[in-house]
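S.K.: Sending over a structure as structure tokens; questions will come in a sec.
Right, here's the structure in full:
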């Protein structure tokens with residue numbers, strides 16, 4: 001899925017970097033309607049009882065002390081992996097990942113809009129947690145220039161799906177929940193009343209932070225050997241967030257390039273102000289090693 005981050009990401013050099021831009025975040029409801037104090041637990045779409053999944057189980061295959069997998073074993077496909085869909089133009093050679101035909105097929109057939117809505121809405125019925133949420137879209141035009149559309153908002157999953165398929169953004173980013181609908185911000189008499197109310201607590205782990213100690217790759221290049229650094233960093237950060245701060249709802253996703261992102265979705269994390277977010281980020285900072293000179 002497109003990389004989902006705050007529309008104004010912060011660049012940092014720490015191994016674990018928190019993205020905590022919320023402007024003047026507040027914890028009160030202000031003029032916007034918030035969901036109930038306790039988030040509603042969403043049942044699975046098939047009605048089955050949700051099963052607990054331990055973090056160790058997700059990375060169990062990365063803990064073997066055996067040698068790295070052979071070329072033959074690395075090429076084996078999982079039985080559950082679906083067959084690659086047919087390209088709308090037949091031959092995919094030379095087709096860009098932002099090709100309109102491929103993007104339309106991806107958004108129409110593959111992108112989980114319903115799950116995105118359920119994740120960010122925190123209730124079975126539409127709430128302001130989703131309707132007042134900002135989305136930022138990056139649109140590729142015919143001259144290879146990018147158009148950045150901020151303050152997009154959608155009350156339902158069907159409406160965001162319809163707009164995304166119509167605009168075909170090369171990526172879109174998830175922003176905060178505001179006191180009012182972001183599309184209506186210019187109609188407010190008091191512009192200062194338009195403030196962010198909530199945003200997931202996000203952490204960014206990049207392999208470039210380990211360039212001083214990894215020897216197999218550097219910069220944006222990654223392989224299964226150096227990915228072990230990301231695996232161990234995920235385990236350390238996840239354990240600290242759960243055991244030291246009591247967070248329960250943590251979503252780990254591939255960043256799309258060279259690392260992983262953590263989205264802490266507990267309500268007490270979403271309504272934290274910037275000072276508390278910086279305090280948690282500082283708690284998780286590590287001492288950096290000496291960078292290796294390539295000259």
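Residue numbers (UniProt numbering): 1 to 295. Just so it is clear, CB atoms sit at the ideal spot from N, CA and C, and this is done for glycine as well.
In the DSSP assignment, what are the bridge partners of residue 188?
M.R.: Counted from its first residue, the chain shown places residue 188 at position 188. None, per the DSSP bridge assignment.
S.K.: Please report the straight-line C-alpha distance between residue 222 and residue 170, rounded to a whole angstrom.
M.R.: Taking the chain shown and counting its residues from 1, one reaches residue 222 at position 222. Taking the chain shown and counting its residues from 1, one reaches residue 170 at position 170. When rounded, the distance between both Cα atoms is 23 Å.
S.K.: Compare the Cα-Cα distances from residue 208 to each of 195, 229, 182 and 128 and report the closest residue.
M.R.: The sequence position of residue 208 within the chain shown is 208, counting from 1. When only C-alpha atoms are compared, the closest one is 229.
S.K.: Just the C-alpha distance for residue 101 and residue 139, rounded to the nearest angstrom, thanks.
M.R.: Here residue 101 refers to the residue found at position 101 when the chain shown is read from its first residue. Here residue 139 refers to the residue found at position 139 when the chain shown is read from its first residue. Each residue's Cα considered, the two are about 14 Å apart.
S.K.: Pick out whichever of 253, 183, 215 and 212 has its Cα sitting closest to the Cα of residue 202.
M.R.: Your numbering for residue 202 matches position 202 in the chain shown. Sorting 253, 183, 215 and 212 by C-alpha distance to the C-alpha of residue 202 places 253 at the top.
S.K.: Are the CB atoms of residue 181 and residue 132 within a distance shorter than 8 Å?
M.R.: Within the chain shown, residue 132 is the residue found at index 132, counting from 1. Within the chain shown, residue 181 is the residue found at index 181, counting from 1. The answer is yes: Cβ separation under 8 Å.
S.K.: Have a look at 205, 225 and 204 and flag the residue whose alpha-carbon is nearest the alpha-carbon of residue 214.
M.R.: Start at 1 with the first residue of the chain shown, and residue 214 comes out as number 214. Taking the Cα of residue 214 as reference, the smallest distance to any Cα among 205, 225 and 204 is reached at 225.
S.K.: Can you give me the C-alpha to C-alpha distance between residue 78 and residue 278, rounded to a whole angstrom?
M.R.: For the purposes of this step, residue 78 is taken as the residue at position 78 of the chain shown. For the purposes of this step, residue 278 is taken as the residue at position 278 of the chain shown. With a pLDDT of 35 at residue 78, under the threshold of 50, the modelled position of this residue cannot be trusted; read the value that follows with caution. Those two C-alpha atoms are separated by around 41 Å.
S.K.: According to DSSP, is residue 220 helix, strand or coil?
M.R.: Here residue 220 refers to the residue found at position 220 of the chain shown. DSSP places residue 220 in coil when its eight states are reduced to three.
S.K.: Quick one, which of 164, 259, 237 and 266 has its alpha-carbon nearest residue 281's?
M.R.: Counting from one through the chain shown, the residue named residue 281 turns up at place 281. Of the residues 164, 259, 237 and 266, the one whose Cα lies closest to the Cα of residue 281 is 237.
S.K.: According to the Cβ coordinates, are residue 103 and residue 159 closer than 8 Å?
M.R.: Indexing the chain shown from 1 puts residue 103 at position 103. Indexing the chain shown from 1 puts residue 159 at position 159. Contact: no.
S.K.: On the DSSP letters alone, give me the boundaries of the beta strand (DSSP E) that residue 139 sits inside.
M.R.: Against the chain shown, residue 139 aligns to sequence position 139. Counting along the chain, the beta strand (DSSP E) containing residue 139 begins and ends at 133 to 140.
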